[in-house]
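Protein chains in written order, with my numbering: chain U, 1 to 236; chain W, 1001 to 1415. Just so it is clear, CB atoms sit at the ideal spot from N, CA and C, and this is done for glycine as well. Remember, it's a predicted structure, so these values are computed and weren't measured experimentally.
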Amino acid sequence: MNQPLVCEGLRRSLGENEARVQALRGVSLEVPAGSVHAVVGPSGCGKSTLLYLLGLLDNADAGRLLIGGMDVAGMPEHELTRKRNEMIGFVFQFHFLMREFTAEENVMIPMRRLGRLTSAQMRERAGALLETVGLADKRKRLSGHLSGGEQQRVAIARALANDPQIVLADEPTGNLDTANSERVFSLLTALVKRESKALVLATHNPLIAKASDWVHEMKDGLITRTYSNTTAAVPA
Amino acid sequence: MSPPLFIALRFIRHRQRSILISLAGITLGVAFFICTQAQTQGFEQFYIQTVLGTSGAVLVQDRFQERYTGILQEKTNEMVSVSGQKPRKYYDGITDPQRVMRAIREFSDVQACAPVLEDNASILTDFRSDVCRILGIDLDLQLAATDLRAHLIEGDLGTFRTTQSGVLLGSLLALKMHVRLGDTVSLMAAGGETRRYRVCGIVQTGDNLLDERRAYVHLGEAQGLLGKTAAVSYIIVKMSDPDRAPQMATRLEQLLQHRARSWQERASGNLQIFRAIRISAAITVSAIIVLAGFGIFNVLTLMIIDKVREIAILRSMGYQRQDISAIFLWQGFLVALTGSVVGCLLGCALTYGVSHVPMHIRGFFAADHFMVHWSGYHYLLAVVIAFAAVLLASYFPSRRAARLAPVAILRGAGQ
């Protein structure tokens, strides 16, 4: 699937009455498989809102969103949730791991919901993912006993648990030091490239933006500029 | 194992202390509920056994005659009224007991019946005189229809059977009159006829009102003493299923034209007291379970506040609203299940222990230890109350958790 994620003219307003603001004012985006897209811009420009819409956590007021080539408009909530479980992986600024669970069990949580693998298969896949993120030796450790960088790496493994076509990351390195930031981002991009997934990440970090395939600059709810780090800039 | 159950088990394990406190409340509530119900119903059942053992399931008494006025009565110049029944006319006692008993025995529910002639009399010894109730009985029929044999605490029924002028005295009456086995007492009927009787046995029903009044003599003797040849006051009817006594009483009344009273009617006042005590105990002890339910409510509500980000993440990973709700409902269910199982076992042990606590009771019935009634219904009711309280307490937090909007939580998570 070459275009796992396409959106056209997405609009979204937030707040009530006088406090209502237009968070997105017609955002269009195409994310091919195997590409890394960074969405950059000042706080409040609509980066997170865009990710929540792309991740089916929120509904657009207008516009069109295709996930895996399928228009999600009008889909019932349980269907959107199921699609999220099957096709989308999230990585947030704060890892939000369940502290009652080990690293391995945290990675298994999305797999349990999908219900396609046996316990042994889930354990095996979780082990493989943790090994990929360099935490094979800490799979049995409670997540609360891991460092911040390690926890975020577990969160990446968890996001990839159900082999999603799309990975959405909201400031995935925002809570990490420089060394861990680089490591987490490298890991994420390497995995996305290797497994031909589409990665959209919102970031303030210029180094991460520079290392992405495409950069979308946002301002006041609009993508004002899109450019490839390998080709010339394309105005939005 | 379903994902919500897996997560619920893990949450419980990491909230052991607060969950255990609520669990203890449910367990104790269930156990106390079972124990108090077993006790109150135990005493009630024992009282019913005493009533059945002394005067049977149904008492067939005075003959009556239904009386009617004219069906149509002119009330005014133009109006005609339809009239009802007038009060029955009663005739004292049963004049043909053999015929009535033959009819009663035709009912398959009837196990035995016994005629009794009962009237006031005076009991006289050298020491003192007092009033008593003479009960003229046919010994064999009485033994078949009542627990007289079990109530005999001193003496010998064989001696009474062969002694025409023998008497069985209530235990408190004998005590009051200072008489023992083999002593002689005089019984004087209201008409002045006096006869002497030898005490062949002491009877204790446990009911003071009976034990301080009753003097049993042979039926023929009583009829002679009271001058009521061939008549009896009532017939005691023993039934295989005493719970059906009201229906039997109604049928006997219709068939025999004699007043018939079920044990439920005769003991209704005391039964209401027992029922009130049982319900009161149930309400009081249920309060413990309800309070424990509030505990669960608090634990789950705090857990949801604590887990709000994890809930948002679960939703972002594709967990449905009902999955989130199920995580918290499962916790409530597991607490209710564990509390019910352990509570039932503890309740069973408590009930067994209480049944062996010595306690001397006389006045209402005779018992030397706590009475308990073993009934699966008590366990079922306790479990139903526990589940209702806990699941209701879990429902509202679980609904709240399911309604959480992940975007709103995630949006505020970094702030």
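The alpha-carbon separation between U/G34 and U/A190 amounts to approximately 10 Å. Note that the C-beta distance between W/L1020 and U/D170 is not below 9 Å.
For secondary structure counted as the beta strand (DSSP E) over 3 or more consecutive residues, the stretch 95-138 of chain U holds no complete run. In the DSSP assignment, W/D1368 falls within the unbroken beta strand (DSSP E) covering 1367-1369. Counting only runs of 3 or more residues that sit fully inside the stretch 1169-1222 of chain W, the beta strand (DSSP E) segments are 1184-1189, 1194-1203, 1214-1218, in chain order.
Beta-bridge partners of W/F1064 (DSSP): W/Y1090.
The beta-carbon of U/G149 is placed no less than 9 Å from the nearest beta-carbon of chain W. The stretch 1247-1259 of chain W makes contact with the stretch 1051-1063 of chain W; the number of CB pairs closer than 8 Å reaches 3 or more. The shortest C-alpha to C-alpha distance from W/Q1098 to any of W/L1009, W/D1138, W/E1066 is the one to W/D1138. The beta carbon of U/G69 sits no closer than 9 Å to any beta carbon of chain W. In the three-state reduction of the DSSP assignment, U/L199 falls in the strand class, which pools E and B. Any Cβ of chain U closer than 9 Å to the Cβ of W/Y1377 would place that residue at the interface, and such an atom is absent. Under the Cβ criterion of 9 Å, U/Y52 is counted among the residues facing chain W. If you look at W/D1140, you'll find it in the alpha helix (DSSP H) that goes 1139-1145. The beta carbon of W/D1183 sits closer than 8 Å to those of T1125, R1198, V1199, all from its chain and outside the five residues before and after it, given in chain order. Residues of the stretch 1294-1328 of chain W whose Cβ lies closer than 9 Å to any Cβ of chain U, in chain order: K1307, R1309, E1310, A1312, I1313, L1314, R1315, S1316, M1317, G1318, Y1319, Q1320, R1321, Q1322, D1323. Where W/W1330 is concerned, the enclosing alpha helix (DSSP H) starts and stops at 1321-1355. Put simply, the CB of U/R141 is far from chain W, with every gap to its CB atoms at 9 Å or more. In the structure shown, W/C1132 falls within a strand segment according to DSSP collapsed to helix, strand and coil.
When 7 Å is used as the limit between beta carbons, W/R1411 is near these residues of chain U: S48, in chain order. Any Cβ of chain U closer than 9 Å to the Cβ of W/V1342 would place that residue at the interface, and such an atom is absent. Taking CB atoms only, U/G34 has no neighbour in chain W less than 9 Å away. Per DSSP, the continuous alpha helix (DSSP H) segment holding W/D1306 begins and ends at 1268-1306. In the DSSP assignment, U/S48 falls within the alpha helix (DSSP H) that extends over 47-54. Look at W/V1372 here: in three-state DSSP terms it is coil, with no helix or strand label.
Listed in chain order, the positions of the stretch 168-181 of chain U with a beta carbon within less than 7 Å of a beta carbon of chain W would be empty, since no residue qualifies. If you check each beta-carbon in the stretch 207-233 of chain U against every beta-carbon of chain W, none falls closer than 7 Å. For W/H1360, the closest Cβ of chain U is not nearer than 9 Å.
If you ignore the 5 residues before and after W/D1368, its C-beta comes within less than 8 Å of the C-beta of P1358, M1359, H1360, I1361, all in its own chain and listed in chain order. Closest in C-alpha terms to W/I1304, from the list W/I1324, W/Q1272, W/I1288, comes W/I1324. Interface annotation, W/V1390: not in contact with chain U, CB-CB separation never under 9 Å.
Using a CB distance cut-off of 9 Å, U/P4 does not count as an interface residue toward chain W. The residue from W/L1135, W/T1159, W/Q1254, W/F1274 with its alpha-carbon nearest to that of W/L1226 is W/L1135. U/Q93 sits buried, since 16 or more C-beta atoms from the chains shown fall within 10 Å of its C-beta.
Uninterrupted alpha helix (DSSP H) stretches at least 4 residues long and entirely within the stretch 142-168 of chain U occur at 148-159, given in chain order.
Collapsing the DSSP output to three states places W/F1396 in a helix.
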